[in-house]
Amino acid sequence: LQEDDQIQTALRRIQMKLRLKNIPHCIECFDISLMQGEAAVGSQVVFVNGKAKKECYRSYNIRSHHEGNDDFLMMYEVLKRRLESGLKENNLPDLIILDGGKGQLSAVLRVFDELQIQTIDIVALAKARFQSESEQGNLHFSQERVFLPHVKDPVTIKSGTKEYRLITSIRNEAHRFAITHHRKQREKRQIQREILQIPGLGKKKEKLLLLHFGSIKKMKTAKYDELCAISGISLSLAKRIFEYIHSE
2 LQEDDQIQTA LRRIQMKLRL KNIPHCIECF DISLMQGEAA VGSQVVFVNG KAKKECYRSY
62 NIRSHHEGND DFLMMYEVLK RRLESGLKEN NLPDLIILDG GKGQLSAVLR VFDELQIQTI
122 DIVALAKARF QSESEQGNLH FSQERVFLPH VKDPVTIKSG TKEYRLITSI RNEAHRFAIT
182 HHRKQREKRQ IQREILQIPG LGKKKEKLLL LHFGSIKKMK TAKYDELCAI SGISLSLAKR
242 IFEYIHSE
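The sequence shown lines up with residues 2 to 249 when you count with our numbering.
In structure tokens:
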């Protein structure tokens with residue numbers, strides 16, 4: 002109970018500090034990540050009363066091609082998709098946090114205007130920046146900055162406070178979730194590339210296998226008889242596939 006009271010106090014302080022319309026009982030945080038030149042992905046994490054609601058997390062594969070991997074346009078795309086579905090399903094959070102600064106915030110405010118959303122709050126959380134190094138070698142960073150809609154200067158939240166720990170932990174969780182998704186996608190692509198090296202197995206037959214098993218993971222546990230029974234896969238190819246997936 003004491004922890005719940007502290008969380009509620011932190012949420013009320015966040016409301017006052019960030020000049021929000023609502024106490025942010027339900028917070029969604031969005032991050033755009035691009036690792037090693039691979040396809041960009043948007044991540045969405047959800048916190049209700051300060052606690053992660055992992056069953057509501059979602060990843061967004063960026064559909065549009067953006068020259069130079071434009072973070073602002075990618076954030077615009079992800080939030081437009083999220084908010085359009087939220088309006089249809091009457092499922093919107095109290096507060097949206099963007100990982101970024103003024104550019105990301107401006108891009109998403111366009112979505113708010115286009116969809117005529119006025120009931121929920123939105124802010125952008127920019128990471129602390131390196132400022133200087135002392136003679137003793139200590140590094141000094143600026144405070145985390147929170148950008149508010151139509152306000153020139155960012156707001157800072159005092160480090161070490163419950164509200165600071167809450168809001169930064171939500172942002173860090175969005176990072177973690179995005180990295181985890183990227184890793185899974187990268188592993189999946191690597192497995193697909195390896196499977197395509199099997200003689201006689203091209204894209205067409207790879208699709209047959211994926212349609213049958215539903216995933217690469219299930220395919221790697223396939224029995225020989227099961228592979229032989231798939232229409233369009235010859236007995237000799239089934240043997241090569243079986244030997245490959247069970248060679249480790």
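For each residue, glycine too, the CB sits at the ideal point set by N, CA and C.
Between L116 and V147 a beta carbon distance of about 23 Å is seen, past the 8 Å cut, so the two are scored as non-contacting. In the structure shown, the three-state DSSP call for K185 is helix. In the structure shown, I121 adopts coil according to DSSP, grouped into three states. The beta carbons of E78 and S86 sit no closer together than 8 Å. Taken atom to atom, the span from the alpha-carbon of L80 to that of R166 is near 25 Å. A41 and I63 have their C-alpha atoms roughly 6 Å apart.
S107 sits in a helix when the DSSP states are folded into three classes. For D32, the beta-bridge partners assigned by DSSP are S44. Here the alpha carbon of K204 sits roughly 34 Å from the alpha carbon of F31.
Within the same chain, and ignoring the five residues on either side of I118 in sequence, the residues whose Cβ sits closer than 7 Å to its Cβ are L84. Distances from the alpha-carbon of D114 to those of I242, I231, E207, P150 put P150 closest. A direct Cα-Cα distance of roughly 52 Å separates T169 from S232. Contact check for V156 against K22 fails: the beta carbons are separated by 8 Å or more. Per DSSP, reduced to three states, the secondary structure at L99 is strand. With a beta-carbon spacing of about 11 Å, K208 and I234 fall beyond the 8 Å limit used to define contacts. Residue nearest to I158 within the set D6, T10, I15, D100 is I15 (criterion: CA-CA distance). Taking the Cβ atoms as the reference, I123 lies roughly 20 Å from S34, outside the contact range of under 8 Å. In the structure shown, the three-state DSSP call for A53 is strand. Here the alpha carbons of C57 and K153 stand approximately 33 Å from one another. Distance between M76 and G43, taken at the CA atoms: about 7 Å.
DSSP places S60 inside the beta strand (DSSP E), whose first and last residues are 59-62. In the three-state DSSP reduction, L93 falls in the coil class, being neither helix nor strand.
One Cα belongs to K240, the other to Y225, and the distance between them is close to 7 Å.
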